[in-house]
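Colleague:
Number of protein chains: 2
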Amino acid sequence: MAGGGGGGGGDELRLLGFWGSPFVLRARLALSFKGLSYEYVEEDLTHKSELLLRSNPVHSKVPVLIHNGKPICETQIIVQYLDEVYGASNGPSLLPVDPYDRAMARFWAAYIDDKLLSSLMMMSRGKTEEEKAEGRKRSSAAVETLERAVKECSKGKPFFGGDSVGYVDVVLGGFIPWVNLIDRLTGSRQFDVGKAPLLAAWLQRFGSLHAAKVVMPDMERLVELSEMSQA
Amino acid sequence: MAGGGGGGGGDELRLLGFWGSPFVLRARLALSFKGLSYEYVEEDLTHKSELLLRSNPVHSKVPVLIHNGKPICETQIIVQYLDEVYGASNGPSLLPVDPYDRAMARFWAAYIDDKLLSSLMMMSRGKTEEEKAEGRKRSSAAVETLERAVKECSKGKPFFGGDSVGYVDVVLGGFIPWVNLIDRLTGSRQFDVGKAPLLAAWLQRFGSLHAAKVVMPDMERLVELSEMSQA
Numbered sequence: 036m037a038g039g040g041g042g043g044g045g046d047e048l049r050l051l052g053f054w055g056s057p058f059v060l061r062a063r064l065a066l067s068f069k070g071l072s073y074e075y076v077e078e079d080l081t082h083k084s085e086l087l088l089r090s091n092p093v094h095s096k097v098p099v100l101i102h103n104g105k106p107i108c109e110t111q112i113i114v115q116y117l118d119e120v121y122g123a124s125n126g127p128s129l130l131p132v133d134p135y136d137r138a139m140a141r142f143w144a145a146y147i148d149d150k151l152l153s154s155l156m157m158m159s160r161g162k163t164e165e166e167k168a169e170g171r172k173r174s175s176a177a178v179e180t181l182e183r184a185v186k187e188c189s190k191g192k193p194f195f196g197g198d199s200v201g202y203v204d205v206v207l208g209g210f211i212p213w214v215n216l217i218d219r220l221t222g223s224r225q226f227d228v229g230k231a232p233l234l235a236a237w238l239q240r241f242g243s244l245h246a247a248k249v250v251m252p253d254m255e256r257l258v259e260l261s262e263m264s265q266a
Numbered sequence: 036m037a038g039g040g041g042g043g044g045g046d047e048l049r050l051l052g053f054w055g056s057p058f059v060l061r062a063r064l065a066l067s068f069k070g071l072s073y074e075y076v077e078e079d080l081t082h083k084s085e086l087l088l089r090s091n092p093v094h095s096k097v098p099v100l101i102h103n104g105k106p107i108c109e110t111q112i113i114v115q116y117l118d119e120v121y122g123a124s125n126g127p128s129l130l131p132v133d134p135y136d137r138a139m140a141r142f143w144a145a146y147i148d149d150k151l152l153s154s155l156m157m158m159s160r161g162k163t164e165e166e167k168a169e170g171r172k173r174s175s176a177a178v179e180t181l182e183r184a185v186k187e188c189s190k191g192k193p194f195f196g197g198d199s200v201g202y203v204d205v206v207l208g209g210f211i212p213w214v215n216l217i218d219r220l221t222g223s224r225q226f227d228v229g230k231a232p233l234l235a236a237w238l239q240r241f242g243s244l245h246a247a248k249v250v251m252p253d254m255e256r257l258v259e260l261s262e263m264s265q266a
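Residue numbers (my numbering), protein chains in the order written: chain A, 36 to 266; chain B, 36 to 266.
(1) Taking 8 Å as the threshold, find out whether the stretch 80-90 of chain A comes into contact with the stretch 135-151 of chain A through three or more Cβ pairs.
(2) Out of Ser67(B), Ile147(B) and Ser159(B), point me to the one whose CA is closest to tyrosine 121(B)'s CA.
(3) Extract the residue ranges of the beta strand (DSSP E) inside the stretch 68-148 of chain B, only unbroken runs of 3 or more that lie entirely within it.
(4) With 16 as the cutoff for other CB atoms within 10 Å, does aspartate 22(B) come out buried or exposed?
(5) Would you mind telling me which residues of chain D sit closer than 8 Å to arginine 61(A), beta carbon to beta carbon, in chain order?
(6) State whether the stretch 220-234 of chain A contacts the stretch 191-205 of chain A, with contact taken as three or more CB pairs (one from each stretch) at a distance under 8 Å.
(7) Using DSSP with H/G/I as helix, E/B as strand and the rest coil, what is leucine 152(A)?
(8) Just to confirm, are valine 275(B) and lysine 230(B) a CB contact at a threshold of 8 Å?
(9) Considering just the uninterrupted stretch of the alpha helix (DSSP H) at arginine 256(B), what are its terminal residues?
(10) Could you confirm whether any beta carbon from chain B is found closer than 8 Å to the beta carbon of proline 9(A)?
(11) For arginine 49(A), which residues of its own chain have a beta-carbon under 7 Å away from its beta-carbon, when the five flanking residues on both sides are left out?
(12) Of the choices Thr221(B), Leu207(B) and Pro252(B), whose alpha-carbon is the least far from that of alanine 235(B)?
(13) The alpha helix (DSSP H) with glycine 52(A) in it runs from where to where?
(14) Quick one: what's glycine 197(A) bridged to in DSSP?
(15) Taking just the CA atoms, how far does tyrosine 146(A) sit from serine 95(B)?
(16) Roughly how many angstroms lie between the CA atoms of serine 243(B) and leucine 155(A), to the nearest whole one?
(17) Are the Cβ atoms of arginine 183(B) and methionine 157(B) separated by less than 8 Å?
(18) At a CB-CB cut-off below 7 Å, which residues of chain A make contact with phenylalanine 142(B)?
(19) Mind listing the chain A neighbours of valine 120(B)? Cutoff is C-beta to C-beta under 7 Å, in chain order.
(20) So, under 8 Å CB-CB, leucine 233(A) and serine 261(A) are touching, yes? Tell me the CB distance rounded to an integer number of Å.
(21) At least one CB of chain A closer than 8 Å to the CB of valine 185(B): is that the case?
(22) Using only the alpha-carbon positions, how far apart do valine 93(A) and threonine 180(B) sit?
(23) So, is leucine 129(B) buried or exposed, given that buried needs 16 or more other C-beta atoms within 10 angstroms?
See below:
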């Protein structure tokens, strides 16, 4: 069992996950910020459980949220679902109320999954030095673009969501341990304070929140996992 | 100018598009089914307008919806935005009311963009015969999976959205002309009535709706466009 108080009164929430997945972390961050109690079920991805295969027959992937027996798949869809079901009654609303601000939040969330993720993957997993260099170039461009996103979404407030953590915070927050891992392995700094001061400050601010810290994976274990998957 | 009656009372809607884009068609389908009046601005993608570059500085792509001067980018985000702003006051609500049904609709919409699109692209644009054969295999698997989606979402009713057109109908509907094009060019049938009877019936049903027909591109022009892009 994990998560804080609150909860939806008799609701049963289970999350099928893998500790080393940024997409699972995102769902855990959403659950944590909304203060929801849930059962966390760790999956062995080399021997996926019958429950996982039955709950996500299309992709057979984690995370899967099971709410009163009904499965919800795909990380961003899970986060939106939690926000819609639990509204403002549990923690802050993640999606903004205004439809235009909501469209912007969805836009930047899609950008993070599309451009930032692919460039970080290329950078850390590229097969040749050329590929890694291209990944660094793209990652740097994505960070520069995201620096603009902080400005546009936060409007001078501490989070993408404004005064409290919102959808884009959770979506980007899921990548923090991997951004830190890449920094450590490459001796570089992705969210460089010189080039992306707002993003660098956000990284520190978000990472130091209690609701984030309690679900973040251990860095030493992540280093080991990274070495194993490169072997 | 295009679109029917209704409209959001003094609202100004402009859509920057390209006639041969399935993603633009999706936005036009949403506008059409919601009965919204809008100005359609055709873009020359070899010489993108200043307005497009300014409205979508991140991706420089169509479609872009401009609502009272504010740009919204990315096809699925535009459709959700229109649905949220115009609710049930203009045409049917596209997203279901129930959060679980909404999560399911988002899941299948993501599946269509991910699996169906990539397999159709591979099939029609593959560089080798092997690649095209792999595309056919994947497309066939995607269609089989989508046949299940029709059953799950429509619950025996005519559309994914139930009695009226919904989000998944619009998202998949945007691909109809390209599915028909591939059928014509390959002499095959993607949504085969033997293998996917519900999907085949849906294709006919959706394609014959007035609100769909008025925005569908001309097939002969599509054939020409396809020949030009293969040349």
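No residue lacks a Cβ here, since even glycine has one placed at the ideal position from N, Cα and C.
Modeller: Short version:
(1) With the cut-off at 8 Å, the stretch 80-90 of chain A and the stretch 135-151 of chain A do not touch.
(2) With distances taken between Cα atoms, tyrosine 121(B) lies closest to Ser67(B).
(3) Qualifying beta strand (DSSP E) stretches, in chain order: 74-77, 99-102 and 105-108.
(4) Since the first residue of chain B shown is 36 and the last is 266, residue 22(B) is not available in this structure.
(5) Of the protein chains in the structure, A and B, none is chain D.
(6) Look at the beta carbons and you see the stretch 220-234 of chain A not touching the stretch 191-205 of chain A: under three pairs across the two are nearer than 8 Å.
(7) The answer is helix: DSSP assigns leucine 152(A) an H, G or I state.
(8) In the structure as shown, chain B starts at 36 and stops at 266, and residue 275(B) therefore has no counterpart that could be examined.
(9) Residues 254-265.
(10) Residue 9(A) lies beyond the residue range present for chain A, which begins at 36 and ends at 266; the question has no answer from this structure.
(11) The answer, listed in chain order, is Tyr73, Glu74, Val76 and Ile101.
(12) Nearest of Thr221(B), Leu207(B) and Pro252(B) to alanine 235(B), Cα basis: Leu207(B).
(13) For glycine 52(A), there is no enclosing alpha helix (DSSP H); the enclosing beta strand (DSSP E) covers residues 48-52.
(14) Its beta-bridge partners are Phe194(A).
(15) Serine 95(B) and tyrosine 146(A): Cα-Cα distance of roughly 13 Å.
(16) The alpha-carbon atoms of serine 243(B) and leucine 155(A) are separated by roughly 45 Å.
(17) Note that the C-beta distance between arginine 183(B) and methionine 157(B) is not below 8 Å.
(18) Contact of phenylalanine 142(B) with chain A by beta-carbon distance below 7 Å involves Cys108, Glu109 and Ile112.
(19) Within 7 Å of the CB of valine 120(B), the CB atoms of chain A belong to Pro134, in sequence order along the chain.
(20) The beta-carbon distance between leucine 233(A) and serine 261(A), rounded to whole angstroms, is 28 Å. This is too long to meet the 8 Å contact definition.
(21) It does not: the Cβ of valine 185(B) has no partner Cβ on chain A nearer than 8 Å.
(22) Each residue's CA atom was taken as its position, placing valine 93(A) and threonine 180(B) some 8 Å apart.
(23) Taking every protein chain shown into account, the CB of leucine 129(B) has 16 or more other CB atoms within 10 angstroms, so this residue is buried.
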